[in-house]
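Protein chains: 2
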Amino acid sequence: MPGTQFDVVAIGNAIVDIIGRCDDSFLARHGAPKGHMRLVDTATINAIYQDMGPGIEISGGSAANTVAGVASLGGRSAFIGKVAEDEFGRIFRHDITAAGVSFKTPAVVDASRSTSRSLILVTPDGQRTMNTFLGISTDLDQGEVDPEVIQKSKVVYLEGYLFDRDEAKAAFRQALDIANKAGRRVALTLSDSFCVDRHRSEFLALIRAGIGVLFANESEILSLYETTSFDEAVTRVARDTRLAVLTRSEKGSVVVSEGEVIEIAVQPVAKVVDTTGAGDLYAAGFLFGLARDLDLEAAGQLGSFAAAEIIGQMGARPEVKLAHLARMRGFLA
Amino acid sequence: MPGTQFDVVAIGNAIVDIIGRCDDSFLARHGAPKGHMRLVDTATINAIYQDMGPGIEISGGSAANTVAGVASLGGRSAFIGKVAEDEFGRIFRHDITAAGVSFKTPAVVDASRSTSRSLILVTPDGQRTMNTFLGISTDLDQGEVDPEVIQKSKVVYLEGYLFDRDEAKAAFRQALDIANKAGRRVALTLSDSFCVDRHRSEFLALIRAGIGVLFANESEILSLYETTSFDEAVTRVARDTRLAVLTRSEKGSVVVSEGEVIEIAVQPVAKVVDTTGAGDLYAAGFLFGLARDLDLEAAGQLGSFAAAEIIGQMGARPEVKLAHLARMRGFLA
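Same order as they appear, the protein sequences are chains A and B. Heads up: the first sequence begins at 2 in this note's numbering, then just goes up one per residue. Heads up: the second sequence begins at 2 in this note's numbering, then just goes up one per residue.
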């Protein structure tokens with residue numbers, strides 16, 4: 002096994018979020034399923050943007066948020082993803098690099114294409130509903146997957162959303178193949194229950210074929226197994242993968258490993274501002290814990306801590322360095 | 002006098018802020034004068050951006066923030082300013098329109114020019130230091146000043162920063178002329194003490210010639226009269242204009258009118274997050290108060306309230322509608 006350079010490398014959509022506040026009737030009017038991500042075309046994203054209130058722009062992207070979280074916790078991380086040579090692409094590159102993440106994927110120079118963006122609508126209850134326009138980010142192909150980075154990372158983290166385009170799927174499989182050959186652990190997040198609906202059989206095949214760590218929230222795992230029983234989903238995921246991490250919002254999370262089920266309590270949140278990034282940051286804490294050889298319970302607690310922190314602010318990139326806070330609270334040595 | 006359509010119309014730089022956090026040594030390293038705005042060229046803004054941490058992008062611009070504040074307080078307002086036909090220009094237009102401000106100045110289509118932006122560095126004490134790259138915003142010329150909007154606004158508010166380019170100065174004088182002929186009140190903000198240094202004699206001539214309301218913070222008014230005594234500055238400004246509003250950060254503010262000096266206390270702030278926009282929102286409250294015929298003390302208190310609100314959040318555009326809050330707290334009927 003070659004030397005380790007990174008705790009975690011992630012492959013995912015490179016997205017800039019435009020976050021605004023709205024009420025439930027706004028979501029209904031635009032047919033946006035509350036709490037979910039949906040893919041929208043140019044006309045739809047323009048229509049929603051025109052109708053919504055003032056926004057703030059913050060770099061996002063699920064797996065990108067996760068590796069930014071790993072860096073914030075004091076880890077070494079890298080990101081592979083695609084931006085265009087435009088203003089949003091420059092913002093994305095600056096922010097992830099400034100967060101301490103290695104990001105070397107070159108930008109695409111093509112004036113007719115743009116960097117991906119997501120309109121995130123936050124309702125008064127703090128829930129976020131995402132309307133994503135996939136621009137250039139799914140143009141990621143096999144050539145972009147740097148074998149050396151994969152080989153030198155303890156964990157390779159794959160974003161389920163990438164399954165929404167065939168080109169990206171090839172990059173995904175390429176990374177999986179390199180990681181497996183290098184004996185590296187591969188983690189996958191199911192991303193969203195609608196995303197699971199779109200790609201259920203492929204996800205199941207992939208999980209059974211060699212995903213070492215599966216992340217899913219409750220609605221995603223229920224969707225994967227087409228059941229309404231969380232217990233049944235736990236039983237079935239235990240058969241399909243060696244390690245599954247299931248998050249359940251305010252009910253905490255569950256780590257399912259080799260027949261064992263470990264329950265992790267939620268960390269208290271002073272005020273829910275915006276739930277964007279809760280799952281992404283949970284994954285950051287858990288993966289960083291794994292990479293640094295914490296036991297599963299401690300890794301889950303670190304994930305739970307990072308998730309609670311991100312819920313108390315706008316956006317999915319930590320405003321403050323989490324490493325110091327995690328040590329102060331006893332989640333990291 | 003034609004019918005009134007707007008409480009306040011502002012003419013100013015159309016800017017998108019990129020806000021990030023840094024410590025004092027970062028400012029020193031980049032030669033950025035703490036608490037001030039300085040104009041920087043492309044090379045400097047790029048160097049600072051590359052060196053700074055992750056940012057968030059929020060529409061800004063001093064006078065633009067003020068009219069967004071007026072709209073948030075329930076007033077009718079308009080903005081005249083220049084953006085390029087680029088991503089930041091679209092963000093600026095969306096945000097100010099979505100805030101409820103009428104903004105009709107067409108964008109400039111010229112791929113070699115870009116919308117103005119300001120890197121705002123917030124230190125742990127909540128102070129903001131601005132590094133502004135003036136792109137297209139100072140290309141505002143006389144043709145952009147819509148006489149009808151000026152004639153139909155109770156107050157015309159001019160941003161001192163516009164004096165940094167001659168073309169904009171002409172637009173400024175044009176607006177002043179139309180407003181005076183229409184019998185409208187004209188307000189001016191000195192914007193920044195360094196800006197006053199650059200244009201002292203012109204500002205003084207303008208104030209004496211017909212500015213009805215002058216806004217300045219303590220360092221700006223001291224700079225204008227080249228004195229270290231606030232009392233002396235008050236005495237002198239009382240001779241030069243009929244109404245001056247002087248803000249003094251945590252010491253409150255002073256309204257100087259026809260020989261009378263009214264002291265306004267600060268409103269309590271739970272936590273200083275980012276002082277960006279404090280002066281802009283004070284002006285919003287005061288001008289809206291004037292437009293709605295509040296007495297000077299009540300207008301000052303409304304300004305003080307709006308300033309306190311904006312200090313408790315990131316960025317200079319109110320995240321929540323201020324009208325309801327202002328009524329609840331008794332600042333508006």
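Built from N, CA and C at the ideal position, the CB exists for glycine as well. Source: prediction; values computed, not measured.
Can at least three beta-carbon pairs, one atom from the segment 271 to 290 of chain B and one from the segment 64 to 77 of chain B, be found at a separation below 8 Å?
The segment 271 to 290 of chain B is in contact with the segment 64 to 77 of chain B.
For G54/B, go through chain A and note every residue whose CB falls closer than 7 Å to its CB, in chain order.
Along the second sequence, one-based indexing puts residue 54/B at 53. Ordered by position in chain A, the residues that pass the 7 Å Cβ test against G54/B are A99.
Using 8 Å as the limit for Cβ to Cβ distance, is S220/B near chain A?
In the second sequence, residue 220/B corresponds to position 219, counting from 1. Judged by the 8 Å Cβ criterion, S220/B is not in contact with chain A.
If you draw a straight line from the alpha carbon of V255/A to that of C196/A, how long is it in whole angstroms?
Locating residue 255/A in the first sequence gives position 254, counting from the first residue. Locating residue 196/A in the first sequence gives position 195, counting from the first residue. The alpha-carbon atoms of V255/A and C196/A are separated by roughly 21 Å.
I need the boundaries of the alpha helix (DSSP H) containing R201/B, first residue and last residue.
On the second sequence, position 200 is the one that residue 201/B refers to. That run of the alpha helix (DSSP H) goes 194 to 211.
Mind checking A154/B: buried by the 16 CB within 10 Å criterion, or exposed?
Counting from 1 along the second sequence, the entry for residue 154/B is found at position 153. First, the residue type needs correcting, since residue 154/B is Ser and not Ala in the sequence shown. The residue is buried, with at least 16 neighbouring Cβ atoms inside 10 Å.
Mind pulling the chain A residues with CB within less than 8 Å of E58/B?
Counting from 1 along the second sequence, the entry for residue 58/B is found at position 57. Near E58/B (Cβ distances below 8 Å), the residues of chain A are I57, E58, I59, I92.
Which runs of the alpha helix (DSSP H) spanning at least 4 residues fall entirely within the segment 53 to 124 of chain A, listed in chain order?
Whole alpha helix (DSSP H) segments, 4+ residues: 63 to 73, 88 to 99.
Taking beta-carbon pairs under 9 Å, can you tell me which members of the segment 24 to 40 of chain A lie near chain B?
Residues: none.
Considering only the beta carbon of each residue, do F287/B and G301/B sit closer than 8 Å?
Numbered from 1 along the second sequence, position 286 holds the residue referred to as residue 287/B. Numbered from 1 along the second sequence, position 300 holds the residue referred to as residue 301/B. In contact: F287/B and G301/B (Cβ atoms closer than 8 Å).
With a threshold of 16 other CB atoms inside 10 Å of the CB of D275/A, please say whether the residue is buried or exposed.
By 1-based counting over the first sequence, the position of residue 275/A is 274. So D275/A counts as buried.
For a quick check, are the C-beta atoms of E221/A and I12/A less than 8 Å apart?
The sequence position of residue 221/A within the first sequence is 220, counting from 1. The sequence position of residue 12/A within the first sequence is 11, counting from 1. No, the pair does not count as a contact, with Cβ atoms beyond the cut-off.
Flag this pair as yes or no: are the beta carbons of V102/A and F80/A separated by less than 8 Å?
As a working mapping, residue 102/A is identified with position 101 in the first sequence. As a working mapping, residue 80/A is identified with position 79 in the first sequence. Yes, the pair counts as a contact, with Cβ atoms nearer than the cut-off.
Could you check how far apart the C-beta atoms of H200/B and F164/B are, in whole angstroms? I think they sit under 8 Å.
Indexing the second sequence from 1 puts residue 200/B at position 199. Indexing the second sequence from 1 puts residue 164/B at position 163. The Cβ separation is near 4 Å, so the contact holds.
Taking the runs of the alpha helix (DSSP H) that are 4 residues or longer, which of them lie wholly in the segment 220 to 288 of chain A?
Correct list: 231 to 241.
Kindly say whether R129/A, judged by its beta-carbon, lies nearer than 8 Å to any beta-carbon of chain B.
One-based indexing of the first sequence puts residue 129/A at position 128. No - not a single Cβ of chain B is within 8 Å of the one on R129/A.
Does the beta-carbon of Q51/A have 16 or more other beta-carbons within 10 angstroms, so that it is buried, or is it exposed?
As a first step, residue 51/A must be located in the first sequence, where it is residue number 50. Answer is exposed; the Cβ neighbour count stays below 16.
Quick one, which of A72/B, A33/B, I19/B, K83/B has its alpha-carbon nearest S138/B's?
Translated into positions along the second sequence, residue 138/B becomes position 137. For the residues A72/B, A33/B, I19/B, K83/B, the minimum Cα distance to S138/B belongs to K83/B.
Going by DSSP in three states, F332/A sits in which element: helix, strand or coil?
One-based indexing of the first sequence puts residue 332/A at position 331. F332/A: coil per DSSP, three-state reduction.
Using 8 Å as the Cβ pair cut-off and three pairs as the minimum, do the segment 173 to 186 of chain A and the segment 245 to 260 of chain A touch?
Too few Cβ pairs lie closer than 8 Å, so no.
Helix, strand or coil for L28/B? Go by DSSP, reduced to three states.
Walking along the second sequence from the start, residue 28/B turns up at place 27. Note: L28/B maps to helix in three-state DSSP.
Around the C-beta of D294/B, are 16 or more other C-beta atoms found within 10 angstroms, so that it is buried, or is it exposed?
In the second sequence, residue 294/B corresponds to position 293, counting from 1. It is exposed - the Cβ of D294/B has fewer than 16 other Cβ atoms within 10 Å.
What separation, rounded to the nearest whole angstrom, lies between the Cα atoms of R22/A and D24/B?
Along the first sequence, one-based indexing puts residue 22/A at 21. Along the second sequence, one-based indexing puts residue 24/B at 23. Distance between the alpha carbons of R22/A and D24/B: 30 Å.
Taking only three categories from DSSP, how would you classify K153/A?
For the purposes of this step, residue 153/A is identified with residue 152 of the first sequence, where counting begins at 1. Coil at K153/A, not helix or strand.
For I263/A, tell me which candidate among V235/A, Q152/A, G278/A has the shortest Cα-Cα distance.
Counting from 1 along the first sequence, the entry for residue 263/A is found at position 262. If we check each option's Cα against that of I263/A, V235/A comes out closest.
From the DSSP secondary-structure annotation, give me the bridge partner or partners of I16/B.
Translated into positions along the second sequence, residue 16/B becomes position 15. Answer is G61/B, S117/B.
Would a C-beta distance cut-off of 8 Å place T43/A and F134/A closer than the cut-off?
Indexing the first sequence from 1 puts residue 43/A at position 42. Indexing the first sequence from 1 puts residue 134/A at position 133. A contact, by the Cβ cut-off of 8 Å.
Where does the unbroken beta strand (DSSP E) through L215/B begin, and where does it stop?
The residue labelled residue 215/B in the question sits at position 214 within the second sequence. Here the beta strand (DSSP E) through L215/B covers 214 to 218.
Check whether the segment 312 to 320 of chain A touches the segment 51 to 60 of chain A, taking contact to mean three or more Cβ pairs, one atom from each stretch, closer than 8 Å.
Counting Cβ pairs under 8 Å, three or more are found: they touch.
Can you list, in chain order, the residues of the segment 80 to 91 of chain B whose Cβ is nearer than 7 Å to any Cβ on chain A?
Against chain A - using a Cβ distance shorter than 7 Å - the residues of the segment 80 to 91 of chain B are D87, E88, F89.
Using DSSP bridges, identify the partner residues of F7/B.
The residue labelled residue 7/B in the question sits at position 6 within the second sequence. DSSP lists S154/B as partners of F7/B.
Check the Cβ-Cβ distances between R77/B and every residue of chain A, and say whether any is below 8 Å.
Counted from its first residue, the second sequence places residue 77/B at position 76. False, the Cβ-Cβ gap to chain A never drops below 8 Å.
Just tell me which of V321/B, F332/B, T277/B has its CA closest to the CA of V17/B.
Here the question's residue 17/B lines up with position 16 in the second sequence. Comparing Cα positions, the closest option is T277/B.
Within its chain, find whatever has a CB closer than 6 Å to the CB of S115/A; leave out the 5 residues flanking it on each side and keep chain order.
The sequence position of residue 115/A within the first sequence is 114, counting from 1. Closer than 6 Å at the Cβ level, and outside the excluded window around S115/A, lie A85, D87, G136.
Out of L323/A, R240/A, L40/A, which one is the CA nearest neighbour of G213/A?
The residue labelled residue 213/A in the question sits at position 212 within the first sequence. G213/A has its Cα closest to that of R240/A, out of L323/A, R240/A, L40/A.
Return the first residue and the last residue of the alpha helix (DSSP H) that L303/B is part of.
Position 302 of the second sequence, counted from the first residue, corresponds to residue 303/B. Its alpha helix (DSSP H) spans residues 297 to 312.
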